[in-house]
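Visitor: Residue numbers (our numbering): 889 to 1055. For each residue, glycine too, the CB sits at the ideal point set by N, CA and C.
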Amino acid sequence: MTSYVENETEYNFPFAIQELVDRIMEAVMDMEHCPYETTVNLLMTDNAGIREYNREYRGLDRETDVLSFPNIAFRKEGDFSVVETDEADYFDPDSGELVLGDIILSAERVVAQAQEYGHSLLREAAFLTAHSMFHLCGYDHMEQAQAAVMEQKQEAVLQQLGIAREA
889 MTSYVENETE YNFPFAIQEL VDRIMEAVMD MEHCPYETTV NLLMTDNAGI
939 REYNREYRGL DRETDVLSFP NIAFRKEGDF SVVETDEADY FDPDSGELVL
989 GDIILSAERV VAQAQEYGHS LLREAAFLTA HSMFHLCGYD HMEQAQAAVM
1039 EQKQEAVLQQ LGIAREA
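1. Here's a check: name, in chain order, each residue in its chain whose Cβ is nearer than 8 Å to the Cβ of residue 948, leaving out the five neighbours to either side.
2. Determine the contact status of residue 986 and residue 924, defining contact as a CB-CB distance below 8 Å.
3. Any idea if residue 1019 is buried or exposed, counting beta-carbon neighbours within 10 angstroms, 16 or more meaning buried?
4. Taking residue 940 as the reference, give the member of 951, 932, 930 and 931 with the closest Cα.
5. Count Cβ pairs between the stretch 904 to 915 and the stretch 956 to 974 that sit closer than 8 Å; are there 3 or more?
6. Would you call the CB atoms of residue 1047 and residue 915 closer than 8 Å?
7. Which residue from 990, 930, 1027 and 962 puts its Cα closest to that of residue 974?
8. Contact between the stretch 924 to 938 and the stretch 989 to 1004: three or more CB pairs below 8 Å?
9. Any beta carbon of chain B sitting closer than 8 Å to that of residue 1029?
10. Would you grab the beta carbon distance between residue 927 and residue 1009 for me? Rounded to a whole angstrom, and I think it's under 8 Å.
11. Taking only the alpha-carbon atoms, compute the straight-line gap between residue 889 and residue 1052 and give it to the nearest angstrom.
12. Would you give the residue range spanned by the alpha helix (DSSP H) that residue 1049 belongs to?
13. Quick check on residue 912: does DSSP put it in helix, strand or coil?
14. Taking the continuous alpha helix (DSSP H) assigned at residue 999, which residues delimit it?
15. Measure the Cβ-Cβ separation of residue 1011 and residue 1002 and say whether it is below 8 Å.
16. What is the rounded straight-line gap between the Cα of residue 897 and the Cα of residue 1021?
17. Determine the direct distance from the alpha carbon of residue 899 to that of residue 918, and round the result to whole angstroms.
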């Protein structure tokens, strides 16, 4: 399991973001019974940066808290068997790891939403990372039933890691 974290902002969180990403990534991959070692890239940017990415890649000219760019076109959420047919498209040739995709987080939104929701920076960063990891595993929240499944999974991962809402 490998994560690459780049912080293009001057903001430094009071916790190690790399360690947090690794813990969440491992918990999600275990929950999803992923049979492969995996790779994820995470970029920390600011509101202007995430707005630019959102505009360029999604056609939405506005800020957001997190963007997820899955590498895998899942047919069914968490069903990793889809990668077996086109291994060259999904696995890093050097490491042999399954490349799940990319996550972009707005550090400014992490701070603002932690204040807004009355919980710690750690909790907000962990929630957004878990949320995005489930997107990288094929989950979405466009319909109410999908959203309920995704929310339950996110909360289960955070509880498992001891990252409570009131933290």
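Guide: For this structure:
1. Taking C-beta separations shorter than 8 Å and ignoring five residues to either side along the sequence, the partners of residue 948 in its chain run 942, following chain order.
2. Contact flag set, yes.
3. Burial call: buried.
4. When C-alpha distances from residue 940 are compared across 951, 932, 930 and 931, the shortest belongs to 951.
5. Between the stretch 904 to 915 and the stretch 956 to 974, the count of C-beta pairs closer than 8 Å stays below three; the two stretches do not touch.
6. Not closer than 8 Å, so no.
7. For residue 974, the closest of 990, 930, 1027 and 962 by C-alpha to C-alpha distance is 962.
8. Yes, the stretch 924 to 938 is in contact with the stretch 989 to 1004.
9. Absent from the structure: chain B. Only one protein chain is present.
10. Contact between residue 927 and residue 1009 does not hold, since their C-beta atoms are separated by about 25 Å, which reaches or exceeds 8 Å.
11. Near 25 Å, if we compare the C-alpha coordinates of residue 1052 and residue 889.
12. For residue 1049, no alpha helix (DSSP H) encloses it, and the DSSP letter there is neither H nor E.
13. Of the three classes helix, strand and coil, the one that applies to residue 912 here is helix, per DSSP.
14. Element bounds for residue 999: 995 to 1005.
15. In contact: residue 1011 and residue 1002 (Cβ atoms closer than 8 Å).
16. Residue 897 and residue 1021: Cα-Cα distance of roughly 22 Å.
17. Approximately 31 Å between the Cα atoms of the pair.
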